[in-house]
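Only one structure is covered here, and it is reproduced in the block below.
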Amino acid sequence: MDQGRPDVFTAYALKLCDGASPHSGLAPIRLSYESLHVTLWSIIVAANDAETTNKVSALIKPKEHFDFFHDERVRSFLYQFLTACAVGWVVWYLVSNTSHNLEVRGMNTGFGFLTSSAGFDVDFKFIEYIPGQGTYFDIFLIGCLNSLFVSGLAIVGCTILGFFIGILRLSSNWLSSKLALTYIEIIRNTPILVQVIFWYIGVFSFLPTVKNSVDLSFGAEVFLLNNRGLNMASPLPGDLFWLTQVAFVVAVIGVFVLRYWSHKRQDDIGKPFPTLIASSALLAILPGGVYLLTGSPLDWDIPTLQGFNFVGGFSLPPAFLALLFALTIYSAARFAEMVRAGILSVDKGQSDAALAIGMRPSRVMVLVVIPQAMRAIVPPMISLWMDVLKNSSLAIAIGYADVVSLFMQTTLNQAGYAVEIVAMTMAFFMTISLTISALMNYYNKRIQLVER
Amino acid sequence: MAIVTKQPTPPRPAPLSESSVIGWVRINLFNSWMNTGLTLASLYIVYVAVSGLGVWGFSDAVWVAKDRRECFAISVDGACWAGVVSWIDNIFYGRYPRAELWRVNLGGVLLIVWMAPLWLPRVKAKIFIGLSAVFIYPFLAGYLFTGGDKGIFMQTMVTVAMVCVAGNTLHAMIGVISGRSLPEFLIGFLRMKEASEKNQRNMLLGILSLTVIAAYILQMNWSLETVSWTKWGGMFLTLVISGIGIASALPGGIILALGRRSKLTLIRVLSISVIEMFRSLPLITVLFMATTMFPLFMPEGFVLNKLVQVIIAVCLFYACYMAETVRGGLQAIAPGQQEAAHTIGFGYWKTMGLVVMPQALRVMIPNIVGTFIQLLKDTTLVSIIGLYDILGMLRAISQDTPWRGLYREPLLFGAIVFFIVCFIMSKYSRHLEVKLSTGHKTGNE
Amino acid sequence: MNNDRGNPGEKNMTSTKTSETPAHLASAASSEVIIELNKVNKWYGDFHVLKDIDLTVHKGERIVICGPSGSGKSTLIRCINHLEEHQQGDIVVDGITLDKNLKNICHIRTEVGMVFQSFNLFAHLSVMENLTLGPIWVRKMPKIQARDIAMKYLERVKIPEQADKYPGQLSGGQQQRVAIARSLCMNPKIMLFDEPTSALDPEMIKEVLDVMVELADTGMTMIVVTHEMGFAKTVADRVIFMDEGDIVEENEPNAFFNDPQHDRTKLFLSQIL
Amino acid sequence: MKLMRTLSSVTAVAVMMFTGVTAASAKSTLEIVKERGHVRCQVGPASAGFYNLDAAGDWYGLDVSICQAVAAAIFGDKKKLEIQSVSSQARFTALANGESDLLSRTATWTMSRDTQLGLDFVGVNFYDGQGFTVRKDSGITSAHQLKGAKVCVTTGTTTELNLTDFSRVNDLNISLLAFEDFNVRDDTYLKGGCDAVTADKSALSGNMAAFPNPDAHLILPETISKEPLGPAVRQGDARWFDLVKWTTYALVNAEELGITQANVDDMRANSKNVSVRRFLGAEGSIHEGLGLSKDWAYDIIKQVGNYGEIYEAYIGDGKLAIGISRAGSANALWTKGGLMYSPPMR
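In the order they appear, the protein sequences are chains A, Y, W and C. The working numbering puts the first residue of the first sequence at 36, with every later residue one more than the last. The working numbering puts the first residue of the second sequence at 15, with every later residue one more than the last. The working numbering puts the first residue of the third sequence at 4, with every later residue one more than the last. The working numbering puts the first residue of the fourth sequence at 12, with every later residue one more than the last.
If you want it as structure tokens, here you go:
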């Protein structure tokens, strides 16, 4: 059975009609027969798309008799029709069974439950939620935000760490490259679930108690790490604070203008303008000045130790820190391999040529090797970022409140509605994954090498 | 005037600094201040890791004890490996009746014997051995593990499997010794070399049917005690799930990959949507979906046990992973191959079956091994939904009354077991990549 | 093409060597030595690649190095601009000895341009960016001036219209000429060629050789590793034949080609002429 | 094409072969179980005292004994039992869709579960209540002193709900730290990660036994929730519901009548007490209503022992037990002030 090529066939047949047969020198008497043939197939051709085959011999072989089954367009139409029926039947069968079973088991369906109130509390949430008043939809939102929060931070962390370890793998220093290799081999050859549990049990039970928390902010009591999580001061904006925010935005625009102006200046007179110092100065002075002028309306809700626990401020639970750590370390190992492969894929001649014109090795890396390596690094990086989001669902093993553990486990357990909950969770993951891959594919096309 | 040197100067050995240790250390470790910093940092990390883990894990570890209280008595802050040692059977075989463990070991040995010829030199018909291992071995292994009474179909398949494994091993031995295949050997042995093609074939068929009948009679009275799937567990269950997963993920992946490349719009759209859907979902949600939704999909009274639900979910999930590997493999094959096959009159399926797919498979083997490692690691997720695979067993140790609260050592033991297995396989897949000199970068890693 | 650096623009075309009379060895001694190698040895692991090489090159001299593959000729010129590290002996280029000091190495490399067998153009940059990358980032030249120099050399190599194309869009011959222009933009004192034409098809070889001949006429010191004996005959001041890490024979062109002394050279010439 | 066709048919057959699939028609559960030859009992992820694995791979614990009693009652052999462990999230759906006949895993008997999830609780085999464990040196003596404290709890169970209610009712503003794995919960508590741990008191005392120094901790007197734990069966099969219910009552009744595993033979042979003889099947026909053989009760007590013996073996102070004393607790016999009471079996 071969893949026919309907549009060529029809185009070819039309050519036959006007007598110009390019290949087999057909006698003109065939003419009328072919035109009849063409009209007969117009409905079927419409159903097929423009498939391509280079089986030229099948096309130019004149059709002695009207052979229904061996004509590939009929056949391809039949195949699609059969598959459509089969898939349709299976879907119908499953749906009918599911609805029947749901009734028999007296399990309730429909999305109504999203508005009913959820009874349980959540220990880590971005939006306001009071148990008893908050609805299941709030729970779904909290779960999604928590998943995105941990995945986002993990993606940033693993990309930076992965880049550093990838470069370390290539470093001339034998010991550090071998150390990086052992780190990568250990992380890649043990299941990620074991790592998540290890980080949770191993590291976070060694953290100090609340009383003697580690003060990461050098005495300013703003960042406190203990085995109940990371407590930090949360800002309480006063009334005139929005002026400072506006000033900050203006400063950021100023930085971009400055960068553009300095590049132009370097083109003219060659001496590069110290953009870094100037822009950071701008960013500090402008908003700082406005903030002081408006009587420093911002005060901080410092977490203070009252009784057993820190009150006030914003705290990240240990489960979150463990999951973030595990995801970052695991994905960084995979990304390091991609970085190494990407850099090695850049032809050695490129760095030779750059060195030959007198460039320092560090500048060669930045201007020549890494930009070209990015082309080989970006596509696998897309799938890695999606994997980070997928692996964040392992939070269920250590009790961090992400969408799978909050919605798919606790809510399913309390309220039932299995079909709806599973569908919503899958929809969440699919939309996020597809958006990440669409964004990165767009970026990937833009930096593609211009080839002949 | 020409400057001519008459004799070529003799080659001298490389100067000392190039090959001496001090020279090497100086060049590689301390040649710039940045490198010195890196070296010192690395040395510090290695020291901390070795001293910390080494002391806890070995020097003051307790290897034999009755229960945790005794472990504390012997050494409070050392590792208590005794719990893991006493639970070894559970960890590797789950709750499989201890009297019947020989059946699991036999199943493993049979698989190794069956697959061994693939690596032996000068053995012919490796494709048949490979295919029979994937399609016929599961029936023999299935009966070995589950036991119970055998229906007619099961008896025939077990017979075929027995004949197959005997034939394969014989064929492999002959191949290694004399480089000939089994049929050639038989013909030569029975001095039928000059006989006509027809009765050579009859003779071979005769021998074959004789062995089949003998095997059938042999396995008639051979019945094993039933062991229900709920007793399977530990590493054995992990290997069963990942074995079946990889065996069915390959054909599934090939079908989906072909579907994705096919010219029929509907099939292409369907395969792409299935692949993209499963690739964007975490395995844990697919497992939850399987355990909660599959029972709802079943008609009234038709009960699908949990192990099958998990296996179906894992197969579907990994078929889509495999589809990407296969697609990478197909893209690595030059389009010229397909055109060449078309020119000699091959249809779509013949081209795929006989020309493109064999080459693509050869290119994909390293990635298939890579995917298998990923699958083996991901199978631990079934412990979250209640199956007692190796990780489930390791986490159950801390519940057993004598070993209450012992959870760090089992977890570390599990990590070490997985590291050994996966490290060997990843080294093997890199070796394959070099041996098959597959220049094509399929980049599925 | 003026040789004293730092003076932008090419007003004074004085060149210390008159190009119309082919400089033969005797008169070269008068101009100062620009490259000096003595007792240079190099090993790849324990394979002895270069054995006690002594070579002095004077300003404006054109050297052609030929020999069978694996004779170490490419390694020799790569040692001159320190792309390969030599273990023994010392190499002095333009008065600076090549050692581990990174600053010296970079300085020498800016004075020594190199053209590779496989062009090695920066694939992610356009032709104009390829040419201006060095001047802007190494010579810290303003962009406009760098662009002028780049256009000047693109005209020299006769492909000014390709300025905004990407290397992937050019033919082999065009790419090699852009590579030559890229080295010239650095205003080097010495030009090294590592088999520039062996990766090109016949009609492109001619367009690259013409550029090299024209460059030689401007009095640029050149060391060329090549099998193009025609080029050697017309342009070279000296031809060196290397074999298994040794300089077997060194002579001025017509003497070298008409009556080779060493039988190894005779065998080589019989094979390629 | 042929290759693909054989491929799919073979895999389909392999899958069918593995499932051990029984297409059950609308027969009663007892018939299905008898036909199958063993009882399918469903427990949860290992939980000390009630159902966990030993080094030899066998299940043991209070709930496991209930399953063994049902198997002994039907087949006269407690080994005719297949135990499946189901994660907490799928436990009720697994029972509802027929994967198992009996759910016996410390599931709290609540109204919503009994009425909404398609199952019926047969009775209570253990009265528990949610409590708190605190460090002695923290000076806390009553749950009401837990104002603003951080309390560790395991996710996915009713304990979370009860803690939130208790905190809201007494506006203690307790912030909870949720864990999936109770080991990690206890470890964090021991390291001071939280001020108290809350769970059913049986679990609390069981875990405390495994702390490095158990006597540095105490369980607060208050019980903030009622946790009647008991087995449950699928709705819609009254006969099976009665069978399981009366099997659990038989264990308690045997203890009331003083019948133990040791003396059950001699009691059946020559006990004068009519209710003992009727109970052990020496006379009367109380077994017909359940569709079992007449010495169903004898088999249960002979092979499993009465409720008292089971309690001491796994919960009380037996070798494998987790050390929760029965005296004075709700689990004592009604004659000793507890709530364990079996309706008369005649």
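Just so it is clear, CB atoms sit at the ideal spot from N, CA and C, and this is done for glycine as well.
Among the residues of its own chain, which have a CB less than 7 Å from the CB of residue i, if the five just before and after it don't count?
i: Thr-173/Y; result: Val-226, Ala-229, Tyr-230, Gln-233
i: Lys-269/W; result: Pro-263
i: Asp-471/Y; result: Not covered by the structure: residue 471/Y. The range shown for chain Y is 15 to 459.
i: Val-97/C; result: Gln-53, Gly-55, Ala-105
i: Asp-131/C; result: Asp-125, Ala-243, Val-244, Gln-246, Phe-252
According to DSSP, is residue i helix, strand or coil?
i: Asp-211/C; result: strand
i: Asn-190/W; result: coil
i: Leu-334/Y; result: First, the amino acid is wrong: residue 334/Y is Cys here, not Leu. In this structure, Cys-334/Y counts as helix in the three-state DSSP scheme.
i: His-445/Y; result: helix
i: Val-263/C; result: helix
i: Trp-77/Y; result: coil
i: Phe-106/Y; result: helix
i: Gln-115/A; result: helix
i: Leu-344/C; result: strand
i: Tyr-71/C; result: strand
i: Cys-52/C; result: strand
i: Val-423/A; result: helix
Is any beta-carbon of chain E found at less than 8 Å from that of residue i?
i: Phe-331/Y; result: Of the protein chains in the structure, A, Y, W and C, none is chain E.
Under 9 Å Cβ-Cβ, which residues of chain A neighbour residue i?
i: Ser-440/Y; result: Glu-220, Arg-223, Asn-224
At which residues does the beta strand (DSSP E) containing residue i begin and terminate?
i: Gly-142/C; result: 137–146
i: Leu-58/W; result: 50–61
i: Asp-93/W; result: 91–96
i: Lys-237/C; result: 236–240
i: Ala-243/C; result: 243–245
Just the chain Y side, please: which residues come within less than 7 Å of residue i by C-beta, in chain order?
i: Phe-291/A; result: Per Cβ cutoff of 7 Å: no residues; Phe-291/A is ~33 Å from chain Y at best.
Ignore the nearest five residues each way along the sequence and tell me which others in residue i's own chain have a CB closer than 6 Å to its CB.
i: Cys-178/Y; result: Ser-146, Ile-150
i: His-265/W; result: Val-251, Glu-252
i: Tyr-318/C; result: Leu-262, Val-263, Glu-266
i: Gly-323/A; result: none
Find the residues of chain A that neighbour residue i, judging by a C-beta separation of less than 7 Å, and give them in chain order.
i: Phe-311/Y; result: Leu-129, Asn-132, Thr-133
By the criterion of Cβ-Cβ separation under 9 Å, what are the contact partners of residue i in chain Y?
i: Phe-233/A; result: Arg-422, Leu-425, Leu-426, Ala-429
i: Met-461/A; result: Met-291, Ser-294, Leu-295, Thr-299, Val-300, Met-303
Interface residues of chain C around residue i at Cβ under 7 Å?
i: Tyr-402/Y; result: Ser-96
In its own chain, which residues sit with a C-beta less than 8 Å from the C-beta of residue i, not counting the 5 before and 5 after it?
i: Val-370/Y; result: Leu-344, Ile-347, Gln-351, Gln-352, Ala-355
i: Asn-476/A; result: Ile-417
Using the beta-carbon of each residue, which ones in chain Y are nearer than 8 Å to residue i?
i: Tyr-114/A; result: Leu-278, Ile-281
Identify the continuous alpha helix (DSSP H) that holds residue i and give its terminal residues.
i: Trp-46/W; result: Per DSSP, Trp-46/W belongs to no alpha helix (DSSP H); it is in the beta strand (DSSP E), 36–47.
i: Lys-146/W; result: 146–159
Residue i versus chain W: which residues are under 8 Å apart at the beta carbon?
i: Ala-28/Y; result: Trp-46, Gly-48, Asp-49, His-51, Gln-90
Residues of chain A with CB closer than 8 Å to the CB of residue i, please, in chain order.
i: Phe-432/Y; result: Asn-224, Thr-225, Pro-226, Val-229
Residue i versus chain W: which residues are under 7 Å apart at the beta carbon?
i: Arg-294/A; result: Within 7 Å Cβ-Cβ: nothing; Arg-294/A doesn't reach chain W, min ~16 Å.
Determine, using beta-carbon pairs with one atom in the segment 112–120 of chain W and one in the segment 187–204 of chain W, whether at least three such pairs fall under 8 Å.
The segment 112–120 of chain W vs the segment 187–204 of chain W: in contact.
Answer yes if the segment 451–471 of chain A comes into contact with the segment 289–304 of chain Y, meaning at least three C-beta pairs across the two stretches below 8 Å, and no otherwise.
Touching, per the Cβ criterion.
Determine, using beta-carbon pairs with one atom in the segment 130–141 of chain W and one in the segment 152–161 of chain W, whether at least three such pairs fall under 8 Å.
The segment 130–141 of chain W, when compared against the segment 152–161 of chain W, does touch it at the 8 Å Cβ threshold.
Any contact of the segment 151–160 of chain C with the segment 114–124 of chain C, i.e. 3+ C-beta pairs under 8 Å?
Verdict: no, contact absent.
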